[in-house]
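Each step along the sequence shown adds one to the number in my numbering, with nothing skipped, and position 117 is 113. Where is the CB? At the ideal position from N, CA and C, for every residue including glycine.
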Amino acid sequence: MEELKEYTIPFIGLKAGAHQFKFQIGQEFFEHFEYEDFNDSQIELVVGMIKKLTMLEFDLDFEGKANVNCDLTNEIFDLPVSGSHQFVVKFGHEFDDHNEDLMIIPHGSHEVNIQQQVYETIVLSLPSRRIHPGVKDGSLKSEILDKLNELSLGNQTGDDSDDTDPRWDDLKKLLTDK
């Protein structure tokens, strides 16, 4: 996959110590990875890097919102996203990024591209089910939601959920009789 140059951090000219970089992540970033779950996104990423003699320590912190479709009603809403991830970059004989917490780049490298770590950190921080806040608090009015409520098990006609098994009633009496 082609690297996005804005996520390539040149470290060769930097002094040892802490450095900070800020990025604005929009929909183009996710389109580059062919990730189509977002309608739009506005995420601010702060990258903290500590340069040491033999390694680089990265701390990714992001916060923002992603415009997504609700999994229940398909209504569009802004999902707040935030999270962080730390990883280390060391030097070795060849490039290796199979470990999520350790990236190895070849000796003599003067820059590191962090786009894959940024992408994975954001996507993996998302909830598995994206539910519109209006569904949770009951304020969303939607035809789909009305139909789901109509078809739910608790609202079916002829529901005998109030009737209990008499055997259970007898067992419950044992708890109250002393």
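Margin query: For the alpha helix (DSSP H) containing H28, name the first residue and the last one.
Written below: Taking the sequence shown and counting its residues from 1, one reaches residue 28 at position 32. Where H28 is concerned, the enclosing alpha helix (DSSP H) stretches over Q23 to H28.
Next item on the list: Assuming T117 and G79 form a contact by the criterion Cβ under 8 Å, report the distance between their Cβ atoms to the nearest whole angstrom.
Entry: As a position in the sequence shown, residue 117 is number 121, starting the count at 1. As a position in the sequence shown, residue 79 is number 83, starting the count at 1. Contact flag correct, Cβ pair sits at about 6 Å.
Notebook entry, point to check: Looking at C-beta atoms only, is the number of pairs between the stretch 18 to 31 and the stretch 84 to 104 that lie closer than 8 Å three or more?
Noted result: no
Note to self: Helix, strand or coil for I118? Go by DSSP, reduced to three states.
What the structure shows: Residue mapping note: residue 118 aligns to position 122 of the sequence shown, counting from 1. Helix at I118.
Next item on the list: Could you pull out every residue in the same chain whose Cβ sits closer than 7 Å to the Cβ of G154, ignoring the five residues on either side in sequence?
Entry: For the purposes of this step, residue 154 is identified with residue 158 of the sequence shown, where counting begins at 1. Any reading at G154 must be qualified, since the residue scores a pLDDT of 49, below 50, and its modelled position is unreliable; the value itself is stated next. Here the set comprises nothing.
Notebook entry, point to check: Taking the alpha-carbon positions, what's the L122 to V77 distance?
Noted result: Locating residue 122 in the sequence shown gives position 126, where the first residue counts as 1. Locating residue 77 in the sequence shown gives position 81, where the first residue counts as 1. The alpha-carbon atoms of L122 and V77 are separated by roughly 7 Å.
Margin query: When you compare the CB positions of L41 and I21, do they come within less than 8 Å of one another, or not?
Written below: Looking up residue 41 in the sequence shown gives position 45. Looking up residue 21 in the sequence shown gives position 25. Yes.
Next item on the list: Tell me, to the nearest whole angstrom, how far the beta carbon of F19 is from that of E2; I am working on the premise that it is less than 8 Å.
Entry: As a working note, residue 19 is residue 23 in the sequence shown. As a working note, residue 2 is residue 6 in the sequence shown. At roughly 7 Å, the Cβ-Cβ gap stays under 8 Å, so F19 and E2 are in contact.
Margin query: Given a cut-off of 8 Å on the beta-carbon distance, is the pair R126 and D74 in contact?
Written below: For this step, residue 126 is matched to residue 130 along the sequence shown. For this step, residue 74 is matched to residue 78 along the sequence shown. No. Outside cutoff.
Check: Near T50, which residues of its chain fall below 8 Å by C-beta distance, leaving aside the five closest residues on each side in sequence?
Finding: By one-based count along the sequence shown, residue 50 stands at place 54. Answer for T50: K86 and F87, listed in chain order.
Checklist line | Extent of the continuous beta strand (DSSP E) to which L10 belongs | finding: By one-based count along the sequence shown, residue 10 stands at place 14. Per DSSP, L10 belongs to no beta strand (DSSP E) and is neither H nor E.
Checklist line | Local conformation of K168 per DSSP, three classes | finding: For the purposes of this step, residue 168 is taken as residue 172 along the sequence shown, with counting starting at 1. Helix.
Check: Measuring CA to CA, which of N109, T160 and L170 is closest to L52?
Finding: Counting from 1 along the sequence shown, the entry for residue 52 is found at position 56. Closest by alpha carbon: N109.
Notebook entry, point to check: Helix, strand or coil: how does DSSP classify R163 here?
Noted result: Position 167 of the sequence shown, counted from the first residue, corresponds to residue 163. DSSP places R163 in helix when its eight states are reduced to three.
Checklist line | Nearest candidate by alpha-carbon position, reference L98, set K11, T4, H81 and L171 | finding: Position 102 of the sequence shown holds residue 98. The candidate whose alpha carbon is nearest that of L98 is H81.
Checklist line | CA nearest to the CA of Q111, picked from S105, G104 and V119 | finding: The residue you call residue 111 lines up with position 115 of the sequence shown. Nearest C-alpha to Q111: V119.
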